[in-house]
Amino acid sequence: MPQLEHSHNPREIARRLHHGPRVSYLRDWVYGGIDGTVTTFAVMAGVVGANLSATVVVILGLANLLADGFSMAASNFTGTKAERDEYEQLRRMEERHIDLAPEGEREEIRQIFRSKGFEGEALETVVTVLSQHRESWVEAMMTEEHGMAAVQRSPARAALYTFIAFVVCGSVPLLPYLARVDRPEWPSTIMTAAVFFAIGSIRSRWSPKSWWSAGSETLVIGMLAASVAYLVGHWLQGLV
């Protein structure tokens, strides 16, 4: 028998709703982890393709981890902050419109819920109830008119999670080179492929795809990027 993700006991429902929706930073982890692994392994593959030394691989790999990881984190911080700023601007606009043109805002609510199948007395009840509760009114307009989520992510946390995932996952391709094993490119390739598959498999917990399907998809994307870098490095070697 299929298992439910959470209890529907009235007390459990009340407790869950009281705490509100949880803010998810999954995309920041996945984004940072995949990009860190792809870019570091791509740098490594390009250097190997150019037949350069293991020392060069380590130097360029570490430089990429810190510089590109910080750049990714800074970009995510700026992008997430821009989303929050947009939300606040639209919210202030809706609050101002409710103050200055309440009938027009009620008509917007009426048309929004009419499009959802409400009509007659039920429709007017929804309009009346929402317009009597300012906070719910504003939130309804933010969600239904502008498509903005009520839960806003922290720019600092989004940036931090991206950086951590980038460095942790991106360091894996370099481990065999740091350990100075023989022919490090092969264990590095295998370990990197495992990271790609693991990231995709973990992502499947929040996806309708099976763990092996999501893992295989991420693996293919990552290894394609690495293959392109290797071929470019090999091609450039022939030009030097």
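All residue numbers for the sequence shown refer to the numbering used here, where the first residue is 1224 and numbers rise by one. Ideal Cβ positions, reconstructed from N, Cα and C, are used throughout, including at glycine.
**Prompt:** When DSSP labels each residue in this structure, what does H1320 get in the three-state scheme?
**Reply:** For H1320, the three-state secondary structure derived from DSSP is helix.
**Request:** Drop a sphere of 10 angstroms on the beta-carbon of I1236, count the other beta-carbons inside from all chains shown, and report buried for 16 or more, exposed for fewer.
**Result:** exposed
**Prompt:** Should I1332 go down as buried or exposed, given a rule of 16 or more other Cβ atoms within 10 Å for buried?
**Reply:** buried
**Message:** Could you check whether T1385 and A1296 sit closer than 8 Å to each other, using their CB atoms as the reference points?
**Reply:** yes
**Per-residue DSSP class, three states only, for S1298** = helix
**Item:** Three-state secondary structure assigned by DSSP to N1274
**Value:** coil
**Item:** 6 Å Cβ shell around A1402 - same chain, five flanking residues per side excluded
**Value:** none
**Asked** Which residue comes first and which comes last in the alpha helix (DSSP H) that contains Q1355?
**Response** 1343–1355
**Asked** When DSSP labels each residue in this structure, what does H1242 get in the three-state scheme?
**Response** helix
**Request:** Give me the Cα-Cα distance between D1322 and L1313, rounded to the nearest whole angstrom.
**Result:** Distance between the alpha carbons of D1322 and L1313 is about 14 Å.
**Request:** Have a look at D1405, T1262, R1380, L1346 and flag the residue whose alpha-carbon is nearest the alpha-carbon of S1394.
**Result:** T1262
**Asked** Rounded to a whole number of angstroms, what is the C-alpha to C-alpha distance between V1451 and V1270?
**Response** 12 Å
**Helix, strand or coil at R1403 according to DSSP, with G and I counted as helix** = In the three-state reduction of the DSSP assignment, R1403 falls in the coil class.
**Request:** Using the Cα positions of I1444 and E1309, report the straight-line distance between them to the nearest angstrom.
**Result:** 32 Å
**Message:** On a Cα-Cα basis, can you pick out the residue from I1413, M1414, F1420, R1380 that is closest to K1304?
**Reply:** R1380
**Message:** Does chain D have any CB closer than 8 Å to the CB of A1379?
**Reply:** Of the chains in the structure shown, none is chain D; there is only one protein chain.
**Prompt:** Under three-state DSSP, which class holds M1371?
**Reply:** coil
**Prompt:** Would you say the segment 1246–1259 touches the segment 1414–1427, given that touching needs at least three Cβ pairs under 8 Å?
**Reply:** yes
**Request:** Identify the continuous alpha helix (DSSP H) that holds V1418 and give its terminal residues.
**Result:** The continuous alpha helix (DSSP H) containing V1418 extends over residues 1408–1426.
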